[in-house]
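What follows is a short report on a single structure.
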Amino acid sequence: MITKEQFDKEIEIIISNAIREDVGDGDHSSLACIPYGARGKAKLLVKDKGIIAGVAFAKKVFAYVDKTLRVDILIEDGSEVSFGDIVMYVEGAPQSILKAERTVLNAMQRMSAIATKTKMFVDLLKGTKTRILDTRKTTPGIRALEKWAVKIGGGENHRFALYDMIMLKDNHIDFAGGITKAIEMTKQYLKDTERDLYIMVEARDLSEVNEILKSDGVYRILLDNFDYEDTKKAVKLIGNKCFTESSGNINEATIRHYAECGVNYISSGALTHSVHNMDLSLKAIK
C-alpha cells in the first residue's frame with residue numbers, strides 16, 4: 257500500500273542501520289590481515305533448496321559499502337535453487353566484500369526462507385481465486401525485507417504498517433463501543449483529516465458480518481477464526497459488496513479448504529514469523 261519512494265527509503269534505512277550495527281568503527285579482523293588495495297573475488301553459494309530472494313537487496317548492500325565492487329548475478333530473485341548453485345560473484349576489495357558479507361547473508365537467508373514458504377502456499381492455492389497475504393507479524397526493523405520476500409515468492413502484501421490502511425479489529429471495536437460506532441467514527445475521522453484510506457473490519461461471527469454490511473464504505477471484511485461452514489455462509493452473505501479475507505491459524509493443511517470457501521484473500525503470519533533460514537554462504541575464490 258505504500259509508495260515505491262517510501263519502500264525504497266525503508267530499504268535504505270535497513271542497509272545503513274545493519275552496516276552501522278555490524279561494522280561499528282571498523283572491521284578490524286579484515287583491517288588487521290588484508291592489505292589495503294588488495295583485490296579478490298567471492299561467490300555466493302547455495303547449500304539448500306528453495307526459492308532464492310534478496311539478490312537485488314544484496315546488490316544494494318555491496319554498492320552501499322563500496323561502489324567499486326563488481327557484482328555478477330547468475331540467478332535472479334524468485335528462481336528455484338538447489339545445493340551447489342552459485343547465485344552471484346562479487347569482485348573487488350576483500351575488505352569491502354567482508355564488510356558487506358554478514359548483512360547480505362542474513363538478509364538473503366531469511367528472505368529466501370520467506371519466499372520459499374510463500375511459494376508453497378501460492379502453489380496450494382492454484383486453481384482458486386484466492387490470493388495469499390502477509391501480515392504485520394514481521395521482525396522489527398526489517399519489515400520491508402520480509403514483505404519484499406513475500407512478493408518474490410508470489411504472494412501479495414497486506415498493509416505495510418498502521419498508517420496506510422484502516423483496520424478495525426476486535427480491540428478497536430470493543431474500545432469504540434461496537435462495530436457500527438467504530439465504522440462511523442472512522443469515516444468521520446477520514447473526512448476530518450482528509451485522508452484516503454481503505455477501511456477493513458474484522459468479524460468474529462456471522463452476526464458481526466451482518467452488522468458490518470449495514471455500513472457503507474467498508475473495503476474488506478476479515479473473517480477471523482471462522483470454520484469452513486461459517487466462512488461459506490459469510491462469503492454468500494457478503495457477495496460483491498466488498499472483498500473477503502480469512503485469517504487465524506491457517507496452515508498448509510487447511511489453506512486450500514478455506515480458499516474453496518470462496519474468499520478473495522487469506523492472510524498468514526506464518527509466512528514471516530515461522531520460517532527456517534535457507535543455508536547460504538559467501539566463499540572466497542582462491
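Residue numbers for the sequence shown follow our numbering, so the first one is 257 and each next one is one higher.
Where a beta carbon is used, it is the ideal one built from N, C-alpha and C, also for glycine.
Q: Drop a sphere of 10 angstroms on the beta-carbon of H284, count the other beta-carbons inside from all chains shown, and report buried for 16 or more, exposed for fewer.
A: Exposed: under 16 other Cβ atoms inside 10 Å.
Q.
Closest to T384 by C-alpha separation, out of K443, T259, D486 and Y521, would be which residue?
A. Y521
Q: Please go through the same chain and pick out, in chain order, the residues whose beta-carbon is closer than 6 Å to the beta-carbon of D304, but skip the five residues on each side of it.
A: M534 and D535
Q) How should L330 be labelled, buried or exposed, when 16 other C-beta atoms within 10 angstroms of its C-beta is the threshold for buried? A) exposed
Q. Taking the alpha carbon of D264 as the point to measure from, which residue in A400, F416, S471 and K489 has its own alpha carbon closest?
A. Checking every option, the nearest Cα to that of D264 belongs to A400.
Q) With K299 and K539 assumed to form a contact (beta carbons below 8 Å), what rounded beta-carbon distance in angstroms separates them? A) Right, their Cβ atoms sit about 6 Å apart.
Q | Anticipated Cβ contact below 8 Å, S524 with I388, distance rounded | A | 7 Å
**Q.** Between the CA atoms of E508 and F339 - distance to the nearest angstrom
**A.** If you take the alpha carbons of F339 and E508, they lie about 25 Å apart.
Q: Name the residue from I275, G296 and M257 whose alpha carbon lies nearest to the alpha carbon of I541.
A: Ranked by how close their Cα comes to the Cα of I541, the residues I275, G296 and M257 have G296 in first place.
**Q.** Separation of A349 from G293, as counted between CA atoms
**A.** 7 Å
Q.
Using only CA atoms, which one of E467, V337 and Y514 lies nearest to A309?
A. V337
Q | Identity of the residue in F482, E458 and E485 nearest V474 by Cα | A | E458
Q: Would you decide whether D430 is buried or exposed? Buried here means 16 or more other CB atoms lie within 10 Å of its CB.
A: exposed
Q. For the stretch 434 to 449 against the stretch 397 to 417, are there 3 or more C-beta pairs whose distance is under 8 Å?
A. With contact defined as three or more Cβ pairs closer than 8 Å, the stretch 434 to 449 and the stretch 397 to 417 are not in contact.
Q: Can you say whether S352 is buried or exposed, counting buried as having 16 or more other CB atoms within 10 angstroms of its CB?
A: Under a 10 Å Cβ-count criterion, S352 is classified as buried, with 16 or more other Cβ atoms of the shown protein chains found around its own Cβ.
**Q.** Segment limits, alpha helix (DSSP H) that includes Y484
**A.** Y484 to I494
Q | Beta bridge counterpart(s) of T500 as assigned by DSSP | A | Paired residues: I477.
Q: Could you name the residues of the same chain whose beta carbon sits closer than 6 Å to that of Y454, not counting the 5 residues immediately before and after it, in chain order?
A: M421 and Y475
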